[in-house]
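The sequence shown begins at 2 in this note's numbering and counts up by one.
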Amino acid sequence: MEEMKSRKDVEVQYTWDLSDLFADDGAFEQAIEEVRPKIKGFNEEYSGNLHSPTTAIEAIQEYKSILESLVPIGNYANLKLSSDQGDENAQKLDGMASNISTYFNSESSFLTSELIQKEEAFLEEVKSEAPQFLHFIDELLKNKPYQLDPKVEKALASYSPVFNGPYSLYLKTKLLDIDFGTFSANGKEYPLSYLSFEGELEGHEDVEVRRNAFRAFSDTLSEYQHTAAGTYDLQLKQEKTTSDLRGFDSVIDYLLHEQDVDQSLYHRQIDMIMSDLAPHMRRYAKLLKRVHGLDEMKYEDLKVSLDPASEPEISVEDSRQYINDALKVMGDDYLNMVNRAYDERWIDFVKNKGKSTGAFCASPYGSHPFILISWTSLMTEVFVLAHELGHAGHFHNANREQNIFDARSSMYFVEAPSTMNEMLMANHLLENSEDPKFKRWVISSIISRTYYHNCVTHLLEAAYQREVYKKVDAKENISAGDLNMLKRNVIEEFWGDDVSITEGAELTWMRQPHYYMGLYPYTYSAGLTIATAMSKRVLNEGQPAVDDWLKVLKAGGTKTPVELAKMAGVDITTEQPLRDTIDYIGELVDELEQLTDQIEG
Numbered sequence: 002m003e004e005m006k007s008r009k010d011v012e013v014q015y016t017w018d019l020s021d022l023f024a025d026d027g028a029f030e031q032a033i034e035e036v037r038p039k040i041k042g043f044n045e046e047y048s049g050n051l052h053s054p055t056t057a058i059e060a061i062q063e064y065k066s067i068l069e070s071l072v073p074i075g076n077y078a079n080l081k082l083s084s085d086q087g088d089e090n091a092q093k094l095d096g097m098a099s100n101i102s103t104y105f106n107s108e109s110s111f112l113t114s115e116l117i118q119k120e121e122a123f124l125e126e127v128k129s130e131a132p133q134f135l136h137f138i139d140e141l142l143k144n145k146p147y148q149l150d151p152k153v154e155k156a157l158a159s160y161s162p163v164f165n166g167p168y169s170l171y172l173k174t175k176l177l178d179i180d181f182g183t184f185s186a187n188g189k190e191y192p193l194s195y196l197s198f199e200g201e202l203e204g205h206e207d208v209e210v211r212r213n214a215f216r217a218f219s220d221t222l223s224e225y226q227h228t229a230a231g232t233y234d235l236q237l238k239q240e241k242t243t244s245d246l247r248g249f250d251s252v253i254d255y256l257l258h259e260q261d262v263d264q265s266l267y268h269r270q271i272d273m274i275m276s277d278l279a280p281h282m283r284r285y286a287k288l289l290k291r292v293h294g295l296d297e298m299k300y301e302d303l304k305v306s307l308d309p310a311s312e313p314e315i316s317v318e319d320s321r322q323y324i325n326d327a328l329k330v331m332g333d334d335y336l337n338m339v340n341r342a343y344d345e346r347w348i349d350f351v352k353n354k355g356k357s358t359g360a361f362c363a364s365p366y367g368s369h370p371f372i373l374i375s376w377t378s379l380m381t382e383v384f385v386l387a388h389e390l391g392h393a394g395h396f397h398n399a400n401r402e403q404n405i406f407d408a409r410s411s412m413y414f415v416e417a418p419s420t421m422n423e424m425l426m427a428n429h430l431l432e433n434s435e436d437p438k439f440k441r442w443v444i445s446s447i448i449s450r451t452y453y454h455n456c457v458t459h460l461l462e463a464a465y466q467r468e469v470y471k472k473v474d475a476k477e478n479i480s481a482g483d484l485n486m487l488k489r490n491v492i493e494e495f496w497g498d499d500v501s502i503t504e505g506a507e508l509t510w511m512r513q514p515h516y517y518m519g520l521y522p523y524t525y526s527a528g529l530t531i532a533t534a535m536s537k538r539v540l541n542e543g544q545p546a547v548d549d550w551l552k553v554l555k556a557g558g559t560k561t562p563v564e565l566a567k568m569a570g571v572d573i574t575t576e577q578p579l580r581d582t583i584d585y586i587g588e589l590v591d592e593l594e595q596l597t598d599q600i601e602g
């Protein structure tokens with residue numbers, strides 16, 4: 002295993018090209034200098050002067066224009082930093098972007114405060130004369146009961162960098178300060194890092210490599226657990242204070258408010274997974290143990306592939322054909338976006354020191370998506386890339402159809418288009434192979450990557466997160482010991498006696514950035530529930546179902562998650578879609594057991 006390269010040493014052709022945002026850092030800095038006086042002028046012209054609906058519309062229009070000019074600034078800085086957290090120049094640019102964003106939030110906070118204080122007739126006239134701002138006004142009205150005094154709102158806006166501080170500290174500790182060194186297995190030394198562990202070693206087919214990597218990784222994490230817990234506790238205190246200030250009954254209510262869903266959808270997703278999915282996943286764990294001849298099924302064995310030898314190696318170039326073949330059902334416009342992503346370097350494939358872990362898709366309004374991934378040349382990465390291209394396809398469509406206020410869908414829905422693409426990829430691979438070993442690998446990938454990742458990893462995060470917020474609402478302090486205990490309890494409840502929970506498994510809470518993003522973890526399974534139902538419709542109905550889905554993608558944030566799912570023919574106000582998803586996972590495990598009997602027989 003090679004040492005991780007520095008960013009300056011990687012192949013440029015496999016990095017993203019940020020010049021579509023700004024030609025260079027100088028152009029970025031020039032954009033900040035140009036927008037600053039516009040922000041100042043906006044405040045001077047409209048603060049205290051929203052006397053008529055016409056003036057209010059003009060103010061909203063100018064606010065929208067400035068917001069659009071800030072989007073590339075924030076994204077350019079964030080993407081630079083994501084590709085190398087240790088790059089001091091990128092850190093400087095990120096600070097500049099943060100400062101101008103804070104200045105804008107502070108100087109423009111009057112707009113929301115003053116509009117909310119207007120009579121309903123005034124706001125209705127604004128909506129009537131400027132229907133493009135209907136959802137902007139409706140969002141204001143939704144937040145009206147929780148709005149604070151204008152001076153307080155301005156002060157809170159000015160403190161936004163402080164509120165973002167815990168997440169920034171988390172990333173610095175995770176990606177810059179922690180040195181995992183090396184570990185030994187089978188008489189060899191292996192370099193260890195976040196990227197190498199989560200990209201390759203966590204699921205390594207050699208049991209000694211896999212388990213020793215887990216031991217070394219966990220032991221190093223444990224040395225930083227108190228710093229990590231203290232950083233997370235700052236985040237929790239900030240959320241609790243804001244929740245109380247705004248008058249919410251609980252932190253969970255506060256965080257669900259902006260998702261446009263109620264607690265019933267939130268709790269159902271967690272409770273049913275814990276009770277109904279667990280038996281299927283325990284069967285899958287037993288199958289892994291049997292196929293790999295393990296004396297004991299340990300927590301660190303759960304990510305190993307059922308049949309690593311049947312997983313093809315895939316180059317970046319070869320991945321394009323798989324992606325095109327799987328997603329061609331989405332139509333020419335969608336495929337054009339996919340191919341532009343390859344041709345125009347929207348995707349950052351390389352692995353390098355300081356690069357953010359995992360994968361994500363940024364979709365700046367007015368530009369095109371940018372995807373971060375760390376390519377390992379394993380077929381699994383094709384699923385990851387299909388997932389991120391699902392985000393890209395969603396916001397590529399929504400950004401073209403909607404204004405900047407209406408383009409982003411609720412966090413509850415945001416993972417549906419991404420997981421939908423994973424399902425399309427799996428369906429394509431299964432349809433085009435009769436090899437029982439490859440079919441078994443594909444189905445096990447659907448379970449171990451698509452469903453395990455979204456319905457187990459993230460739902461166990463969500464179940465743990467829910468317990469954390471219960472303590473926060475009870476005004477209890479959170480220590481590393483508390484977090485370890487809560488995480489271990491959730492893992493043990495889910496896996497029961499079928500998996501031995503090794504010491505260090507509880508430290509998984511240190512690995513995820515999602516805890517700094519509100520109630521994000523549970524939305525993965527919510528999205529996959531919608532995607533499972535939708536992918537079945539596409540398989541059974543073809544073009545009419547695709548047409549419905551494309552309309553959903555174009556709707557962006559103009560509808561609630563319940564309404565968007567309904568457009569796709571899925572009723573998430575009932576438990577049926579989730580129950581169907583869990584039953585489908587059970588059928589996949591059944592098929593894996595049958596294929597394994599056939600292969601071994």
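Here a beta-carbon is modelled for each residue, glycine too, at the ideal position from N, C-alpha and C. Predicted model, so just to flag it, every value in this text is computed and none were measured.
Would you report the Cα separation of residue i and residue j, rounded to the nearest angstrom?
i: residue 24; j: residue 336; result: 27 Å
i: residue 153; j: residue 143; result: 19 Å
i: residue 97; j: residue 28; result: 13 Å
i: residue 200; j: residue 311; result: 18 Å
i: residue 557; j: residue 449; result: 30 Å
i: residue 219; j: residue 242; result: 32 Å
i: residue 14; j: residue 346; result: 7 Å
i: residue 493; j: residue 524; result: 22 Å
i: residue 368; j: residue 21; result: 7 Å
i: residue 618; j: residue 113; result: With the chain running from 2 to 602 in the structure shown, residue 618 is simply not present.
i: residue 309; j: residue 295; result: 15 Å
i: residue 83; j: residue 466; result: 25 Å
i: residue 179; j: residue 101; result: 30 Å
i: residue 171; j: residue 488; result: 18 Å
i: residue 327; j: residue 333; result: 13 Å
i: residue 552; j: residue 99; result: 35 Å
i: residue 261; j: residue 411; result: 7 Å
Closer than 8 Å, CB to CB, is residue i near chain D or not?
i: residue 203; result: The chain labelled as chain D is not found in the depicted structure, where only one protein chain is given.
Go ahead and pull the three-state DSSP assignment for residue i.
i: residue 349; result: strand
i: residue 618; result: There is simply no residue 618 to check, as the chain begins at 2 and stops at 602 in what is shown.
i: residue 164; result: helix
i: residue 54; result: helix
i: residue 192; result: strand
i: residue 314; result: strand
i: residue 520; result: coil
i: residue 381; result: helix
i: residue 361; result: strand
i: residue 186; result: strand
i: residue 354; result: coil
Short of 8 Å in beta carbon distance, which residues of its chain neighbour residue i, apart from the five on each side in sequence? Order them along the chain.
i: residue 34; result: none
i: residue 434; result: 440, 443
i: residue 43; result: 60, 63, 64, 67, 108, 109
i: residue 287; result: 298, 499
Within this structure, are the beta carbons of residue i and residue j separated by less than 8 Å?
i: residue 370; j: residue 397; result: yes
i: residue 5; j: residue 196; result: yes
i: residue 1; j: residue 57; result: The chain is shown from 2 up to 602; residue 1 falls before or after that span and cannot be answered.
i: residue 249; j: residue 217; result: no
i: residue 162; j: residue 103; result: yes
Skipping 5 residues on each side, what residues in its chain have a beta carbon closer than 6 Å to that of residue i?
i: residue 134; result: 61
i: residue 187; result: 209
i: residue 1; result: The structure shown does not extend to residue 1, since the chain is modelled only from 2 to 602, so the question has no answer here.
i: residue 293; result: none
i: residue 270; result: 523, 526, 527
i: residue 458; result: none
i: residue 168; result: 517
i: residue 484; result: 230, 510
Can you list, in chain order, the residues of its chain with a C-beta nearer than 7 Å to that of residue i? Leave out the 5 residues immediately preceding and following it.
i: residue 301; result: 211, 212, 215, 503
i: residue 386; result: 320, 324, 374
i: residue 145; result: 117
i: residue 495; result: 275, 279, 461
i: residue 571; result: 531, 534, 535, 578
i: residue 587; result: 281
On the premise that residue j lies in contact with residue i, defined as a C-beta separation below 8 Å, what is that separation, rounded to the nearest angstrom?
i: residue 399; j: residue 372; result: With a Cβ gap of about 16 Å, residue 399 and residue 372 do not count as contacting.
i: residue 297; j: residue 501; result: 6 Å
i: residue 230; j: residue 479; result: 7 Å
i: residue 511; j: residue 202; result: Between residue 202 and residue 511 the Cβ distance is about 17 Å, and since that is not below 8 Å, they are no contact.
i: residue 420; j: residue 388; result: 7 Å
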